[in-house]
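K.L.:
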Amino acid sequence: MKSQTSRGAPRRRRLWSFLAVVALAAAIVPSALASGGSATAANAKSPLVVYTFADVNTQGPQYKNIAETGRVYAAWANAHGGIAGHPVQYHFCDLMGTATQAAACANKAVAAHAVAVVGSFSFTGDAIVPILSAAHIAYFGNCCAVSASELTSTDVFNMGNQPLYAVGLVSRAVHDGCKTINAVIIQGAESFEPLMTNAATALHAKINSYISLPGVSTDYSAQVAQATSGGADCVIMIVSETPYIAWMPAWQQSGTKARMYGPQGNLDAKVIKGFTAATNGDVIGGMYPDLALPAWATYRSALSKYKADPTQVYNSLGGMGTWAAYAGFAQIVGKMKGAVTAPTFLAAASKAKINLPGMVPPLDFSKPWNTTGGPKGYDRIFNHSVIFDVVKNGKILPLTTKFQDVAALAEGK
1 MKSQTSRGAP RRRRLWSFLA VVALAAAIVP SALASGGSAT AANAKSPLVV
51 YTFADVNTQG PQYKNIAETG RVYAAWANAH GGIAGHPVQY HFCDLMGTAT
101 QAAACANKAV AAHAVAVVGS FSFTGDAIVP ILSAAHIAYF GNCCAVSASE
151 LTSTDVFNMG NQPLYAVGLV SRAVHDGCKT INAVIIQGAE SFEPLMTNAA
201 TALHAKINSY ISLPGVSTDY SAQVAQATSG GADCVIMIVS ETPYIAWMPA
251 WQQSGTKARM YGPQGNLDAK VIKGFTAATN GDVIGGMYPD LALPAWATYR
301 SALSKYKADP TQVYNSLGGM GTWAAYAGFA QIVGKMKGAV TAPTFLAAAS
351 KAKINLPGMV PPLDFSKPWN TTGGPKGYDR IFNHSVIFDV VKNGKILPLT
401 TKFQDVAALA EGK
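The sequence shown begins at 1 in my numbering and counts up one residue at a time.
#1: Apply the 10 Å Cβ neighbour rule to N355 and answer buried if 16 or more other Cβ atoms are within range, or exposed otherwise.
#2: Which of the three DSSP states is assigned to R259 in this structure?
#3: Do three or more CB pairs link the stretch 106-114 to the stretch 320-339 at distances below 8 Å?
#4: Quick check on the burial criterion: 16 or more other C-beta atoms within 10 angstroms. Buried or exposed for A297?
#5: Taking the CB atoms as reference points, tell me whether P357 and A295 lie closer together than 8 Å.
#6: Whole angstroms is fine: what's the gap from A42's alpha carbon to S133's?
#7: Give the single residue among S209, A246, A292 whose Cα lies nearest to the Cα of K273.
#8: Excluding the five sequence neighbours on either side, which residues of its own chain have a C-beta within less than 8 Å of the C-beta of T228, listed in chain order?
#9: What are the boundary residues of the beta strand (DSSP E) that K270 is part of?
#10: Considering only the beta carbon of each residue, do A347 and H384 sit closer than 8 Å?
#11: Output the distance between the C-alpha atoms of M260 and G230, rounded to the nearest integer angstrom.
#12: Considering only DSSP beta bridges, list what H474 is partnered with.
#13: Would you mind sorting Q162 into buried or exposed? The rule is 16 or more other CB atoms within 10 Å of its CB.
#14: Round the Cβ separation of D290 and P398 to the nearest angstrom and send it over; I've been treating them as touching at under 8 Å.
#15: Since V117 is in the beta strand (DSSP E), which residue starts that stretch and which ends it?
#16: DSSP state of I396, grouped into three classes?
#17: State the start and end residues of the unbroken alpha helix (DSSP H) segment that holds F329.
#18: Please list the terminal residues of the continuous alpha helix (DSSP H) segment that includes F345.
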């Protein structure tokens, strides 16, 4: 009996050791999956906490396509091992169209120790950037800077070129032979006007009138009358999607034959629906090549696989801009050595070169525009190129497929 007990003890100890290992593995795997990454990736490296900001629940312009694209990118990245082995913990914060909520979102990102705020858009950037800057958190990859701090802070890394797409629209209107040009600018985007005027002057043309458009209205008849006054044959529209939809009934009712030149993702499928004749021949100026082109194949596939809200437009500044922003973020993280934190990412971004062929032209974040001859106050615009679509019989089609650099026009040269 004694010898049997002695022989059985090692077997029991081995059995208990095996069961302990199994139990530990069972505990680890669900924990990894809960973090948003694959088990292998989550066990390999620490999670990357990222935030994306946009207005969704607001009476003004709404950008749920930004929120959805961030979510889809995180899901896609985690299904492919995370970013450089780090699982992505994605958070969206709704700015709700107010500076107060914008500041609250910035504070949430700080409290969560976010590595960066990626691919966002806001009319209230001046409430966001100072809070992030104080915590050394980058505001990274934005498509569409409008506030002074977004255009000048060294903690902001815009990948889009707003307001330069408006310069492109001026250039295209003159190229197309427009004789009498007016412009409509939504309130909050006044930073567009100086560069548009520079471009018109350089092209020996003139924008006769700038019309300020309220962000919230049910009837834009008065502004349509102003925009079409003086025999305008072309109207440049710096207008977000939500007010643009409200604009269209008055535009059609006016009977104008003027051609509109509008922004990518704002003069879009939702806007032109039901207004085929009134929008036929309209030109769309953007920062990103059309979604149908090869560079966006993974994005298109991910939108489908991860069930992005089908009511949103993703062939847009918000949609493609957010996907490109996360792709740029991943490119920088992939080249970093050591811990990835807000300060280390900020330092890496400040020296980074981004290469995303077919999404954006090559970008060098070590060369702000103010150091290469750009106009004062637009320092953090690194992308100086535009591209165009056209509206034909109710469909949006690529008009050009190569980037056009408009930096010199924006400078008035």
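Quick reminder that beta carbons are idealized off the backbone N, C-alpha and C, glycines included.
P.N.:
Quick answer:
#1: Here the question's residue 355 lines up with position 355 in the sequence shown. N355 should be labelled exposed.
#2: Here residue 259 refers to the residue found at position 259 of the sequence shown. It is a strand residue.
#3: no
#4: Within the sequence shown, the letter at position 297 stands for residue 297. Exposed is the call here.
#5: One-based indexing of the sequence shown puts residue 357 at position 357. One-based indexing of the sequence shown puts residue 295 at position 295. Yes, the pair counts as a contact, with Cβ atoms nearer than the cut-off.
#6: As a working mapping, residue 42 is identified with position 42 in the sequence shown. As a working mapping, residue 133 is identified with position 133 in the sequence shown. Below a pLDDT of 50, predicted positions are generally treated as unreliable, and A42, at 38, falls in that range; no measurement from the model is reported.
#7: Within the sequence shown, the letter at position 273 stands for residue 273. The option with the nearest alpha carbon to K273 is A246.
#8: Translated into positions along the sequence shown, residue 228 becomes position 228. Once the five neighbours on either side are set aside, the close Cβ partners of T228 are N182, V235, S254, T256, A258.
#9: Translated into the one-based positions of the sequence shown, residue 270 becomes position 270. No beta strand (DSSP E) holds K270; the alpha helix (DSSP H) holding it covers 269-272.
#10: One-based indexing of the sequence shown puts residue 347 at position 347. One-based indexing of the sequence shown puts residue 384 at position 384. Not a contact, by the Cβ cut-off of 8 Å.
#11: Along the sequence shown, read from residue 1 onward, the residue named residue 260 stands at position 260. Along the sequence shown, read from residue 1 onward, the residue named residue 230 stands at position 230. Taking the straight line joining both Cα atoms gives about 15 Å.
#12: Because the chain here runs from 1 to 413, residue 474 falls outside it and cannot be looked at.
#13: Counted from its first residue, the sequence shown places residue 162 at position 162. Q162 is buried by the Cβ-count criterion.
#14: As a working mapping, residue 290 is identified with position 290 in the sequence shown. As a working mapping, residue 398 is identified with position 398 in the sequence shown. Correct: roughly 4 Å between the Cβ atoms.
#15: Walking along the sequence shown from the start, residue 117 turns up at place 117. 116-118 is the span of the beta strand (DSSP E), which, as asked, contains V117.
#16: Within the sequence shown, numbered from 1, the residue matching residue 396 stands at position 396. If DSSP states are grouped into helix, strand and coil, I396 belongs with the strands.
#17: In the sequence shown, the residue the question calls residue 329 occupies position 329. Its alpha helix (DSSP H) spans residues 317-335.
#18: Here residue 345 is taken as the residue at index 345 of the sequence shown, counted from 1. Residues 342-349.
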